[in-house]
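Reading through the structure tokens given below for one structure.
Protein chains in written order, with the UniProt record's numbering: chain L, 1 to 119; chain E, 1 to 494; chain U, 1 to 457; chain V, 1 to 528; chain A, 1 to 99.
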């Protein structure tokens, strides 16, 4: 059997469980709503019309996302090499080290420019 | 001694010096006229060295490799036709400079103007001496730039419009010619000197290839020597540009068109020329009549002279495309004569404008009594334009008609009508300007001064001399014309 | 998938899983779910109980023996609670988010090997104690944990409320930051195993558990797994004092339960992964040469070994929670980016250099595998101690400079319109009470120890 | 099993490695040099040294090259004279670009915003400006772009081509957004440029994928070999793939109908960036298209010719017509560059072999004139209400009377315009001549006829600017006033380019000779 | 299941992505369209690679992923700066450039 079939089975069962749980509670729980319950929680203050910052994500987090992308790429290239580094021998090693060095350059840049500093 | 290169380089160098070196500005006029007189002297030397018995052959040949990759060479040489046109250029430039002596310019502007005139002269000489199609084309196109500035920077209200119009017309023609030039390369022998006219003469083309190539060249030349549908830039320029510019333009530069027709169209594509001749002759005749009629209706004297030129160019083209020894000889002779007579006519109009600030015929009247010398000179110049016997235009016109008649009877007869019309517009104009009652404003008009006489009279003398002894010029023109006719008709024999 | 060929080239063992029938697969899948759900129930009790003990209080002890049924009761309560959908929310995503979370958390165990091929009791079927395995199983695990992030970020955003939003973005930033460190820590494991299949990885540990030769990677993994699961000391997304309950604030009833469940399942997941990658998976803590090894590594024992290891790590989780304070956010991000990632990279370079260069120059690598962690530790100590020393000096200098600058300045208690404490070196005004008593007149005005404060930064 | 390490002729890669290495070094400089002013000087020196060193390296490779070329990395990179010629050109443009990047007036302001990340008009921006900060990242970015372009002009593998394409595009997207003045415009241009650029590169990539699917190859030589034998059952896939790849390249060249980014990007970008981009991007894209054409596309000449003809005519006509109605100098030059894209494509028509040497020459003439023209544009400035030097005066009317204020700059600009128009004795004429000759050689004379008519029409708007500069007096009563900034570097680049344009126009022989020897692609026999 | 089906799927994805770029006026959506196109190309490469039994296509997918990631970074940065200056990322809204 294809090794991915069990994964599909797992996905089906897990998905069913996730849905069934929510559906069950929708039937089982009481339903006595009032306006205050449906308002969002603001630690006792009067709720504002929308989330702080208009519901937008602060810019700083984009920076994390971008940096993450850079390093994720790095990992993407490291894994295949890690699995086969023996057969790739010295050339592969030098190539990957060069690659790491190049990835490190923007890392250093961002570090020095305060990309990882949160006030 | 590479005399032709020197002839091209001298005005270019002096002109650029005038443009670039600020110290020369104060003495711009003196410097410029000195330079042009030196050039004239050099040309005289050239004429002296020219072997008249071999006028049909290319003399003073210089051939150097220039851009071997595209087959272009720095190839110069003159036969009789080229020589006479170079003489004409070298003669007119100092005259034009002298004529504009009193233009009230600030020193830097004057230096600019004169510098550009000298640079233009260099291009003109270069074009008449070019023996390489590519070189010819380059100079032909590059000449637009100094002319564009001459027209656009100096002159009347409409000068910018006129400059752009001139440029666009010329550029369209030139670029169409470029296609033909490139295509010609592939028809020719190729190699480092692929564009030498001598290498390209006598090629046989596929009929349509030849015709298209011919048309490519002809369109450019027809625009330059304004034939009727594409002539409209000339009156615009003539009325807007400074008189010196217009004189150079009409008297010399437009000859590049007819010169090109003779030396490139006819020589390189004889079969196609014969194929196209009927149409072109029709165009030429239309030009003759249209120019004449349009001239009659003009009030602006610059426009008037411009239209007479359109008419005269029609005659020249008629002579060229009649393919007869006499007609071509006449046409080439006419090119020189027309340069002298139109040049003089423009200068005269310029003198009138300098006196009263207007060139409207209506504004003048009765000047005969006030300024007899001016009136007389104007009359003589005018008569030369209507081909009074004894003047060189007459001789050339007669030759054109005689030569063309056997080839195109109807066309010639119709064209002769143009002469009649010429008499009409010249005499009408003279009448309006110089006879009748003198308006108040005209009474204080000054007569021609010494400088002005020195400027115009040599032209008149030249016309008279050539009119009486046309052989002086024809000796130089006969040989080349015979050569061209030989090429065209030899092709016909095949 | 692209690694298929590479992995095959390196490792050619027979996946007997291919022989499973679909029924066996379904049974195994259901068993895994049951195991996970009961483990979570147990884990909740376990955590409260252990935390209680660590804090010298009993913990839950009312329901059932040792309070074991406490979490069952909690789960039932959540199921019967009122299900509120906040008015300001994006309905679809709001409901979808907890489902995504729990769904992703359930998937990981599909590739964890519980043991070698075993005969199913009362039948003749022989099957490995593992739902499935394939050459890139670890990528699958990482992918599942990445999907889990969607649950968090969507839940926080769809609530349409401030605290959940902040919690969600913090959590996302945190998870992806620490995922990098985790990813880097895995590289040497893959190098050692020459495969990304978990079965291969466990098999490759038959000589030695990799916690020893790959100690730095293990430490890195443990730290980042704590960060990845948003646990103390890295539980910033749901820091009660700042963000109420983080991205879960607006959730109630089963929706909340799913988030809650997902969090505990993720703890179990990462513990299982850590056990498998570094602690030998289902392999017994028993040398191969010792008697009884055969028995201890077959039948019912391998799953027990694995579960024991998982719960050991779970205990570590709780232990950490009971012992450490929460990081501030900037400290936490700085730690992730400026310490964990460089260390991870450095370790990869060190290890791979040894493993590639030594054979290239015809030396054996056997000793290097043991030396490497020591070298790494020494290097790390050298670097960090010097960096810390350097920064301490810098801070001291800065404090001194500030001190000098402020020397003799009059202290303004309301600088900028707010009550402020005196800065070092500032001259304190004479107390209005000074001179009332002899003691007061001769009293030494204590200078606040700001140097120490600065160091905390 | 051990994989054999590939054989790489590193020496052949030195020019590219120098540039990219310097770019990486530049990033480190950014990290470690704290003082902005010092950083600026270091970056400038580094960039100049790198570009000049790379130029020398290219010359060295040219001299050292034996035969047609060197196989650098299997069939992926092969260094032939064609590639070296393009690299040389791109480096020359980069040199001009870097000089303009560093150009800084007496007022101390270069062309870039001091802080790229903050919103225009914000307090942070004001502070950054007051502090005299500089955005020195521009230098590494331009080096990265240069390296990418050099690679783009060299590689023989479509996938590698894609990587190089992005390597030079991405820095450009950023650079476009960094204008010091008119930042909204600049950012918007960058957004448009980016979206359209990414779109086209995605199309390019999908084309590559399809070609790979149809043939199993991505190398140009191999593809050409495969296409030599016709495969009817896969031809749709191949044609679609080739079409998409060509579309991607035509986009970078800026040909109609893939030209939408050109006017926006040209106008919005800081002028030094525009100068570099206009010259170098086009050169790189033409280089790649040439390589692709003469290795692969010519096999499909029958299917592709109508596309080239259509695109060429459309580019020339649209570019010219739209340029006529423009009122902004930069935008006008942008449309003129679209028209030039058409002229370039004319050379491709019919795949005449001589186009391979005509194209580098044409791009040299066009690039030099473009660099110069934008250098002049950096010099013509508006005066802010408080009398300081402000943004570039790019409205056509503001150029009136430039000939009087600064004859040298005006004459230089005039020379560039004449060169664009293809007037003899300027480089542009020779460029057009050789390009058109290649087309006529292949029998595409009707296309050339359209081209010359278009260039005559184009002359109209070039000349209009000349009219403004020389024949019109500067309006004295219109605010804001216009001044000539006259910085050493900007002026120097303009004049140097003007001289180069004239020299190439009058004595092009040596350059044509070089171009001629560059007109060879290395085509070793490769199995498959 | 034959890998050619994946190629069809990829083509559909590519078309959807292209449509998103051409029709949607929100920069982020258009940008996601581009990413979709790139990934469609990736899928095509991998499927063809599978069909032909060579690994090149899969290796190419790696490179494309890198490039796509870099593009995401640059693109997001540009979109964010535009958004911060204008508070909108509609592609119709910015009207500084015309003609």
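Glycine included, C-beta positions come from ideal geometry on N, C-alpha and C.
Item to check | For residue 175/U and residue 233/U, the rounded distance between their alpha carbons | outcome: Residue 233/U sits at position 233 when you count from the first residue of the third chain. Residue 175/U sits at position 175 when you count from the first residue of the third chain. In this structure, the straight-line span from the alpha carbon of residue 233/U to that of residue 175/U is close to 14 Å.
Checklist entry - residue 453/E: which of 194/E, 341/E, 99/E and 27/E sits nearest, CA to CA? => result Start at 1 with the first residue of the second chain, and residue 453/E comes out as number 453. Nearest to residue 453/E by C-alpha distance, out of 194/E, 341/E, 99/E and 27/E, is 99/E.
Checklist entry - What is the residue span of the beta strand (DSSP E) that residue 60/E lies within? => result Within the second chain, numbered from 1, the residue matching residue 60/E stands at position 60. For residue 60/E, the enclosing beta strand (DSSP E) begins and ends at 59–67.
Next on the checklist: On the criterion of 16 or more Cβ atoms from any shown chain inside 10 Å, does residue 56/U qualify as buried, or is it exposed?
Outcome noted: One-based indexing of the third chain puts residue 56/U at position 56. By the 10 Å Cβ count, residue 56/U comes out exposed.
Checklist entry - How is residue 69/V classed by DSSP in three states: helix, strand or coil? => result Along the fourth chain, read from residue 1 onward, the residue named residue 69/V stands at position 69. Residue state, collapsed to three classes: strand.
Item to check | Sub-8 Å separation of residue 78/V and residue 280/V beta-carbons | outcome: In the fourth chain, residue 78/V corresponds to position 78, counting from 1. In the fourth chain, residue 280/V corresponds to position 280, counting from 1. No; because the gap between Cβ atoms is not below 8 Å, this pair is not in contact.
Next on the checklist: DSSP three-state label for residue 47/E, please.
Outcome noted: Looking up residue 47/E in the second chain gives position 47. Residue state, collapsed to three classes: helix.
Next on the checklist: Which residues of the segment 117–138 of chain V have a Cβ closer than 8 Å to any Cβ of chain L? Give them in chain order.
Outcome noted: Correct list: empty, as no residue qualifies.
Checklist entry - At which residues does the beta strand (DSSP E) containing residue 74/E begin and terminate? => result In the second chain, the residue the question calls residue 74/E occupies position 74. Counting along the chain, the unbroken beta strand (DSSP E) around residue 74/E starts and ends at 72–78.
Next on the checklist: Tell me which residue opens and which closes the beta strand (DSSP E) that residue 392/V is part of.
Outcome noted: Along the fourth chain, read from residue 1 onward, the residue named residue 392/V stands at position 392. Note, residue 392/V: beta strand (DSSP E), 389–392.
Item to check | Beta-carbon contacts of residue 166/V that lie in its chain and below 8 Å, excluding the five residues immediately before and after | outcome: Counting from one through the fourth chain, the residue named residue 166/V turns up at place 166. These residues qualify, in order along the chain: 148 and 201.
Item to check | Contact the segment 28–37 of chain A vs the segment 10–17 of chain A: 3+ CB pairs below 8 Å | outcome: With the cut-off at 8 Å, the segment 28–37 of chain A and the segment 10–17 of chain A touch.
Checklist entry - Does the beta carbon of residue 32/A sit closer than 8 Å to a beta carbon anywhere in chain V? => result Taking the fifth chain and counting its residues from 1, one reaches residue 32/A at position 32. No, its Cβ sits nowhere closer than 8 Å to a Cβ of chain V.
Next on the checklist: Beta-carbon within less than 7 Å of residue 298/E's beta-carbon, same chain only, minus the 5 sequence neighbours each way: which residues are those?
Outcome noted: Position 298 of the second chain, counted from the start, is the residue given in the question as residue 298/E. Apart from the 5 residues on each side of it in sequence, residue 298/E sits with its Cβ closer than 7 Å to the Cβ of 304 and 307 in its chain, given in chain order.
Item to check | C-beta neighbour in chain L for residue 76/A, strict 8 Å | outcome: In the fifth chain, the residue the question calls residue 76/A occupies position 76. Closer than 8 Å to some Cβ of chain L, the Cβ of residue 76/A qualifies, so yes.
Item to check | 8 Å CB neighbourhood of residue 455/E in its chain, flanking five on each side removed | outcome: Residue numbering aside, residue 455/E sits at position 455 when the second chain is read from its first letter. These residues qualify, in order along the chain: 95, 98, 99 and 347.
Checklist entry - Going straight from the alpha carbon of residue 96/V to that of residue 107/V, what length do you get? => result Within the fourth chain, residue 96/V is the residue found at index 96, counting from 1. Within the fourth chain, residue 107/V is the residue found at index 107, counting from 1. Between the alpha carbons of residue 96/V and residue 107/V lies a gap of roughly 22 Å.
Checklist entry - At which residues does the beta strand (DSSP E) containing residue 482/V begin and terminate? => result Stepping through the fourth chain from its first residue, residue 482/V is reached at position 482. Here the beta strand (DSSP E) through residue 482/V covers 482–484.
Item to check | Contacts that residue 24/V makes with chain L (C-beta to C-beta distance below 7 Å) | outcome: Your numbering for residue 24/V matches position 24 in the fourth chain. Close to residue 24/V, with beta-carbon spacing below 7 Å, are these residues of chain L in chain order: 102 and 105.
Checklist entry - Is residue 8/E buried or exposed, if buried means 16 or more other CB atoms sit within 10 Å of its CB? => result The count along the second chain starts at 1 and reaches residue 8/E at position 8. With 16 or more other Cβ atoms within 10 Å, it is buried.
Checklist entry - What are the partner residues of residue 214/E, as DSSP defines its beta bridges? => result Your numbering for residue 214/E matches position 214 in the second chain. Note: residue 214/E sits in no beta bridge, so no partner.
Next on the checklist: Check whether chain L comes within 8 Å of residue 2/V, counting only Cβ atoms and requiring the distance to be less than that.
Outcome noted: Walking along the fourth chain from the start, residue 2/V turns up at place 2. Under the Cβ criterion of 8 Å, residue 2/V is counted among the residues facing chain L.
Checklist entry - Roughly how many angstroms separate the alpha carbons of residue 291/U and residue 299/U, rounded to a whole number? => result Stepping through the third chain from its first residue, residue 291/U is reached at position 291. Stepping through the third chain from its first residue, residue 299/U is reached at position 299. Cα-Cα distance, rounded: 16 Å.
Checklist entry - So which residues of chain A does residue 194/V contact, with C-beta pairs closer than 8 Å? => result As a first step, residue 194/V must be located in the fourth chain, where it is residue number 194. For residue 194/V, the residues of chain A that pass the 8 Å Cβ criterion are 74, 75 and 78, in the order they occur in the chain.
Item to check | Contacting residues, own chain, Cβ-Cβ under 7 Å from residue 453/U (five flanking each side not counted) | outcome: Stepping through the third chain from its first residue, residue 453/U is reached at position 453. With a pLDDT of only 45 at residue 453/U, under 50, the local geometry of the prediction cannot be trusted, and the value read off the model is given with reservation. Nothing listed; no residue qualifies.
Checklist entry - Hey, is the segment 124–131 of chain E in contact with the segment 69–86 of chain E, meaning 3+ C-beta pairs nearer than 8 Å? => result In this structure the segment 124–131 of chain E touches the segment 69–86 of chain E; the number of beta carbon pairs closer than 8 Å is three or more.
Item to check | 8 Å Cβ cutoff, residue 91/L in contact with chain V | outcome: Along the first chain, one-based indexing puts residue 91/L at 91. It does: the Cβ of residue 91/L has a partner Cβ on chain V nearer than 8 Å.
Next on the checklist: Which complete alpha helix (DSSP H) runs does the segment 383–468 of chain V hold, if anything under 4 residues is left out?
Outcome noted: The qualifying runs are 402–405, 407–421 and 427–441.
Checklist entry - Can you tell me whether DSSP reads residue 297/U as helix, strand or coil? => result On the third chain, residue 297/U is found 297 positions in, with the first residue counted as 1. In the structure shown, residue 297/U falls within a coil segment according to DSSP collapsed to helix, strand and coil.
Checklist entry - Among the residues of its own chain, which have a CB less than 6 Å from the CB of residue 519/V, if the five just before and after it don't count? => result As a working note, residue 519/V is residue 519 in the fourth chain. Counting only residues of its own chain and dropping the five nearest sequence neighbours on each side, residue 519/V has a CB closer than 6 Å to the CB of 356 and 357.
Next on the checklist: Suppose contacts are defined by Cβ-Cβ distances below 8 Å. Is residue 223/U in contact with residue 71/L by that definition?
Outcome noted: As a first step, residue 223/U is located in the third chain; it is residue number 223 there, counting from the start. As a first step, residue 71/L is located in the first chain; it is residue number 71 there, counting from the start. No; because the gap between Cβ atoms is not below 8 Å, this pair is not in contact.
Checklist entry - Is there contact between the segment 273–290 of chain E and the segment 184–198 of chain E, where contact requires at least three CB pairs shorter than 8 Å? => result Contact fails: fewer than three Cβ-Cβ distances are below 8 Å.
Item to check | Alpha-carbon to alpha-carbon, residue 78/U and residue 45/U | outcome: Within the third chain, the letter at position 45 stands for residue 45/U. Within the third chain, the letter at position 78 stands for residue 78/U. Whole-angstrom Cα-Cα distance: 16 Å.
Checklist entry - When you compare only the Cα positions, how much space is there between residue 304/U and residue 13/L? => result If you number the third chain from 1, residue 304/U lands on position 304. If you number the first chain from 1, residue 13/L lands on position 13. Cα-Cα distance, rounded: 25 Å.
Next on the checklist: Can you check which of these residues, 147/U, 256/U and 429/U, is closest to residue 412/U by C-alpha distance?
Outcome noted: Position 412 of the third chain, counting from 1, holds the residue named residue 412/U. The shortest C-alpha separation from residue 412/U is found at 429/U.
Checklist entry - Alpha carbon to alpha carbon, what distance is there between residue 7/A and residue 169/V? => result One-based indexing of the fourth chain puts residue 169/V at position 169. One-based indexing of the fifth chain puts residue 7/A at position 7. Residue 169/V and residue 7/A: Cα-Cα distance of roughly 28 Å.
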